[in-house]
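>
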Amino acid sequence: MSIKQNPADTHTPMMQQYLRIKAAHPDTLLFYRMGDFYELFFADAQKAAQILDITLTSRGQSGGMPIPMAGIPYHAAEGYLAKLLRNGESVAICEQIGDPATSKGPVERKVVRIVTPGTVTDEALLEERKDNLLLAVHAHNDTHGLASLDLTSGRFVLQQVDSLDQLLSELGRLNPAELLFSEDWPLPAAIQQRSGLCRRPPWHFDPESAKQRVLQQFNTLDLQGFGCTHLPIAIAAAGALLLYVKDTQQSALPHIQGIRTEHSSDAIMLDAASRRNLELDYHPSGHLQYTLFGVLDKTATAMGSRCLQRWLNRPLRTTALLNDRYACVASLLAAQLFKDVSSQLRQVGDIERISSRIALKTARPRDLLVLRNTLAVLPQLQQVLAANDNPQLTTLSQHIGEQPTLLALLQRALI
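Going by my numbering, the sequence shown opens with residue 49, and the numbers climb by one from there.
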């Protein structure tokens, strides 16, 4: 849509309002609330109609031509949103905030949130057992800095790779829902066909200002404690990512409390062909049960399933960490302890994502109900894990902790 070709004074007041709001979100589909529907106009309507398989109609005229229009019911918006996000589209939700009874002219409207493939946190729009990653990439000569964030958990990871081949391998492993990159970066041909691509202004990746945004996020004077000072290109990507997330969420990000670093020397880096041939979590038939992940995933929680998928996609080289994992498994098997642990875990909700929604102030009553039920299970889970001689599991049981005050509050507040 070209607003310059559609002068505002040739449109109705309502369409003038739409064009003003749309001008602020040119690269995003605009859901414009009209009564019980979200309406889309011009190119947005044409794109949405094609993706969602909904009827394309028209409303009024622009330059003597009918204005394309498509609409979806407000009460069914989540299903349509999910499909658009899966196709890599971002959506700005524009709500009526004025009172139609007292408004002179069009009802006042404003964009109240922006939903993008990599920043969505609503339970209904997410795959329960799959990470939903936002990835920012910044290139400097042959070095590529990567910053990945799972907004639904607050997991924030930085790394640098030394070639385009390594970058492509990491993109295959992480499989981000959305990829941020600078407008002045010549996008490699192998990446151009990905969905969820999002160009950002070059100044977002400026090393010094990006670093300051990272420091501000963690309220610290330096990044020594995070062990990432040797990753300046990744820090530039991290700063751009944080700016994007704050812009889309229109809120602080209190649940992002730290940075993890990953190094290629710590794990086996698999190229696309190897990953495809190993069928780790993808099968040509599209059936997950035929993959290695599908065979091994007997986890009791969605959090465990996502963790298993991360582990399978990043095989460790570090012997000490591998031995620690083996020792934990052996301890759980030795006394059939895993049966008790599994029984307790099946009562645990997805507190990783629930706590993030609470931090972002988007939690719903059902989230609090699940949190309450999970907190009630923690003492028993703690006791089961403590009943073994494995130091890692014993430490884990100590870290679980109990939350009696919070549990009591939720029990009083929720019926």
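Yeah, the Cβ is synthetic: ideal placement off N, Cα and C, and Gly gets one too.
Being a predicted model, the structure only gives us computed values, none of them experimental.
So the candidates are LEU340, SER391, LEU328, THR442; which of them puts its Cα closest to the Cα of ALA375?
Ranking the options by Cα distance to ALA375, first place goes to THR442.
> Do the segment 275–293 and the segment 127–142 meet, that is, are 3 or more Cβ pairs less than 8 Å apart?
Verdict: no, contact absent.
> In angstroms with no decimal places, state the Cα-to-Cα distance between HIS73 and VAL159.
Going by the C-alpha atoms only, they are around 9 Å apart.
> Do you know how far the Cα of ASN436 is from the Cα of GLN428?
Rounded to the nearest angstrom, the two C-alpha atoms are 14 Å apart.
> Would you mind giving the Cβ-Cβ distance between LEU385 and THR349, rounded to the nearest angstrom? I have them listed as a contact below 8 Å.
Not really, about 17 Å apart at Cβ, beyond 8 Å.
> In chain order, what residues of the same chain have a beta carbon less than 8 Å from the beta carbon of LEU444, not counting five sequence neighbours either side?
Once the five neighbours on either side are set aside, the close Cβ partners of LEU444 are LEU433.
> On the CB-based measure, 16 or more other CB atoms within 10 Å of its CB, does GLY83 come out buried or exposed?
Result: exposed.
> Quick check: ALA225 and LEU197, are their CB atoms within less than 8 Å of each other?
No.
> Kindly indicate which residue of GLN207, THR191, ASP190, LEU174 has the alpha-carbon position closest to the one of LEU183.
Minimum Cα distance to LEU183 is reached at GLN207.
> Return the bridge partner residues of HIS188 from the DSSP annotation.
In DSSP, HIS188 forms a bridge with THR191.
> Is GLU327 near LEU340, with beta carbons less than 8 Å apart?
In contact: GLU327 and LEU340 (Cβ atoms closer than 8 Å).
> Look up ILE120 in the DSSP assignment and give the residues it is bridged to.
Looking at the DSSP assignment, ILE120 forms a beta bridge with TYR86.
> Flag this pair as yes or no: are the beta carbons of ILE239 and LYS259 separated by less than 8 Å?
Cβ atoms of ILE239 and LYS259: not closer than 8 Å.
> The alpha helix (DSSP H) with LYS24 in it runs from where to where?
The chain is shown only over 49 to 463; residue 24 falls outside these bounds and no answer can be derived.
> On the DSSP bridge assignment, give the partners of LEU183 in chain order.
The partner list for LEU183 (beta bridge, DSSP) reads SER196, LEU227.
> Could you pull the DSSP bridge partners for VAL209 from this structure?
Paired residues: HIS192.
> Helix, strand or coil for GLY108, going by three-state DSSP, please let me know.
Here GLY108 sits in strand by DSSP.
> Tell me the rounded alpha-carbon separation between ARG161 and PHE266.
In a straight line, the C-alpha of ARG161 is about 24 Å away from that of PHE266.
> Ignore the nearest five residues each way along the sequence and tell me which others in THR103's own chain have a CB closer than 8 Å to its CB.
These residues qualify, in order along the chain: ALA97, ALA118.
> Consult DSSP for SER50 and reduce its assignment to one of helix, strand or coil.
Because the pLDDT at SER50 is just 47, under 50, the model does not fix this residue reliably, and the value given afterwards should be weighed accordingly. Note: SER50 maps to coil in three-state DSSP.
> In the DSSP assignment, the beta strand (DSSP E) including LEU457 goes from what residue to what residue?
Here LEU457 belongs to no beta strand (DSSP E); instead the alpha helix (DSSP H) covers 452–461.
> Do VAL185 and ALA285 count as a contact pair if the criterion is CB distance below 8 Å?
For ALA285 and VAL185, yes; Cβs fall inside 8 Å.
> Kindly indicate which residue of LEU426, PRO302, SER403, LYS95 has the alpha-carbon position closest to the one of LEU391.
Strictly speaking, residue 391 in this sequence is Ser, with Leu absent from that position. When each option's Cα is compared against that of SER391, the closest is LEU426.
> Give the range of the alpha helix (DSSP H) segment to which ILE448 is assigned.
Unbroken alpha helix (DSSP H) run through ILE448: 439–448.
> If you drop the 5 nearest sequence neighbours on each side, which residues of the same chain put their C-beta closer than 6 Å to that of MET63?
Excluding sequence neighbours, MET63 sits near nothing in its chain.
> Could you tell me which residues DSSP puts in a beta bridge with PRO114?
DSSP lists GLN109 as partners of PRO114.
> I'd like to check one pair, ALA411 with ARG405: are the Cβ atoms closer than 8 Å?
Cβ atoms of ARG405 and ALA411: closer than 8 Å.
> Near THR76, what residues of its chain come up, given a Cβ to Cβ distance below 6 Å and the 5 sequence neighbours on each side ignored?
Excluding sequence neighbours, THR76 sits near SER138, ALA140.
> Taking the C-alpha atoms as reference points, what is the distance between VAL168 and THR268?
Spanning the two alpha carbons is a distance of roughly 28 Å.
> Measuring straight from C-alpha to C-alpha, what distance separates SER151 and TYR330?
Their Cα atoms are separated by approximately 54 Å.
> Where MET464 and PHE90 are concerned, what is the direct C-alpha to C-alpha distance, given to the nearest angstrom?
Since the first residue of the chain shown is 49 and the last is 463, residue 464 is not available in this structure.
> With C-beta atoms as the reference, is ILE120 less than 8 Å away from TYR86?
Cβ atoms of ILE120 and TYR86: closer than 8 Å.
> In chain order, what residues of the same chain lie with their CB nearer than 7 Å to the CB of GLN202, ignoring the 5 residues before and after it?
Contrary to the premise, residue 202 reads as Gly rather than Gln in this sequence. Cβ within range, chain order: HIS303, ILE304, GLN305, SER404.
> Could you tell me the distance, in whole angstroms, from the CA atom of ALA288 to the CA atom of ASN325?
Going by the C-alpha atoms only, they are around 34 Å apart.
> Please list, in chain order, all residues of the same chain as HIS123 whose beta carbon is under 8 Å from its beta carbon, the five residues on each side excluded.
Within the same chain, HIS123 has close Cβ partners ASP84.
> Pop quiz: ALA157 and ARG107 are said to be a contact at Cβ under 8 Å. What is the actual Cβ separation, rounded to whole angstroms?
What sits at residue 157 in the sequence shown is Arg, not Ala. With 8 Å as the limit, ARG157 and ARG107 do not qualify as a contact, their Cβ atoms being about 16 Å apart.
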